[in-house]
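Residue numbers (my numbering): 1 to 374.
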């Protein structure tokens, strides 16, 4: 077997994973309309990839205001819970493990996606830049648009949102998911509270880093109380540099990203969270994360550490062997290769990804990628 370090079992919370290869959350925009409901086609997609150590669902909005892209699924209605149950049953039938990613885009949205055409919500009324929302313009067609100017959340609304995260977690467990991941990355709502760029509040949720981490802390504690910290992960994007490339946007670069995210990780450790997922810069020629940061993550977190970001099997294996990572996520390769773990283990060649079929559409580019055959 090639890359043996990727195929050693590992305990994560209450689950033993069969390998270290992870399918990360990947937006595919194929939920059923109306209602943003997971489908039989989505169940097939995840079932095909159940050879992963575990999978994280595509971002799943916790409430209607949490949507920034047409046709993404939700986890707040009974119909959505029932739809996701078909997915989890298909995955479990193949011996797979799947977590639900709990998502709220905050200001990265548009009036056209919001209930009654209202403004998106955010920590502060600051419009998102260098990022697009995606709205439907007709049946099965849409366009990328500049996000609308958001309005600042009231204190009572923030408390309500914390409760909505906890309820979404309960809904996910009811739907059969093995756990949940809080999406605190990519410039979306939780990241907007953490970032000094998007949070200019002067109350208990803004100003100091401790205050900007308060929303994260309250959500983590509420979700852990609802479903168990041992069934909880959190995703961050601790960017140390940015890019001006069009449509390449995975978060916000803080003045001191090292301190910001080590303090955020300490929040997770205090709660006993099962894993932290760190999504790295993934544009062409992006710099690697500083090793000093990786070492500080290990020193300050007692759960499992997952890295994602254009990893090859070789690079991921090196990080595991160095003791800096426990799990490695493969996004684009796993879209195009449903049998990716087998291909890695045997050194088989990989199918190329078709970028044109990543978002929206039908089974083409979702469930029709072939498994390997001689």
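Quick reminder that beta carbons are idealized off the backbone N, C-alpha and C, glycines included.
- Should the region 308-322 be regarded as contacting the region 269-285, the criterion being three or more beta carbon pairs within less than 8 Å? yes
- Item | Supposed close pair residue 220, residue 271 - CB separation, criterion 8 Å | 5 Å
- Query: Is residue 151 helix, strand or coil by DSSP?
  - Reply: strand
- Beta-ladder partner(s) of residue 56, from DSSP: Answer is 99.
- Item | Ranges of the beta strand (DSSP E) found wholly within the region 177-240, counting only runs of at least 3 | 179-183, 232-236
- Message: Tell me the residue span of the beta strand (DSSP E) that contains residue 134.
- Response: 133-138
- Straight-line gap, residue 340 to residue 105 (C-alpha atoms, nearest Å): Whole-angstrom Cα-Cα distance: 30 Å.
- Task: Can you say whether residue 295 is buried or exposed, counting buried as having 16 or more other CB atoms within 10 angstroms of its CB?
- Result: exposed
- Does the distance from the C-beta atom of residue 275 to that of residue 303 stay below 9 Å? yes
- Message: Could you give the first and the last residue of the continuous alpha helix (DSSP H) run that contains residue 291?
- Response: 291-300
- Query: For residue 314, does the three-state DSSP call read helix, strand or coil?
  - Reply: Three-state result, residue 314: helix.
- Query: What distance in whole Å lies between the Cβ atoms of residue 3 and residue 329, which are believed to be in contact at a cut-off of 8 Å?
  - Reply: With a Cβ gap of about 15 Å, residue 329 and residue 3 do not count as contacting.
- Task: Could you give the DSSP three-state label for residue 248: helix, strand or coil?
- Result: Residue confidence for residue 248 is low, a pLDDT of 49 falling below 50, so the modelled location carries little weight; the figure read from the coordinates is stated next. DSSP places residue 248 in coil when its eight states are reduced to three.
- Query: Apart from the five residues on each side of it in sequence, which residues of its chain come closer than 7 Å, Cβ to Cβ, to residue 88?
  - Reply: 98, 175, 176, 177
- Using 8 Å as the Cβ pair cut-off and three pairs as the minimum, do the region 318-336 and the region 253-269 touch? no
- Query: Does DSSP put residue 1 in a helix, a strand or coil?
  - Reply: coil
- Supposed close pair residue 122, residue 148 - CB separation, criterion 8 Å: With 8 Å as the limit, residue 122 and residue 148 do not qualify as a contact, their Cβ atoms being about 10 Å apart.
- Going along the chain, which residues of its own chain have a beta-carbon closer than 6 Å to the beta-carbon of residue 331, five neighbours each way excluded? 24, 26
- Item | Check whether residue 142 and residue 70 have beta carbons under 9 Å apart | yes
- Message: Please report the straight-line C-alpha distance between residue 152 and residue 185, rounded to a whole angstrom.
- Response: 19 Å
- Query: Just the Cα atoms here: how many angstroms apart are residue 53 and residue 305?
  - Reply: Whole-angstrom Cα-Cα distance: 14 Å.
- Looking only at DSSP bridge pairs, what is residue 305 linked to? 276
- Starting from residue 11, follow the alpha helix (DSSP H) in both directions and report where the run begins and ends. Residue 11 -> not in any alpha helix (DSSP H); beta strand (DSSP E) instead, spanning 10-12.
- Item | Which of helix, strand or coil DSSP assigns to residue 41 | helix
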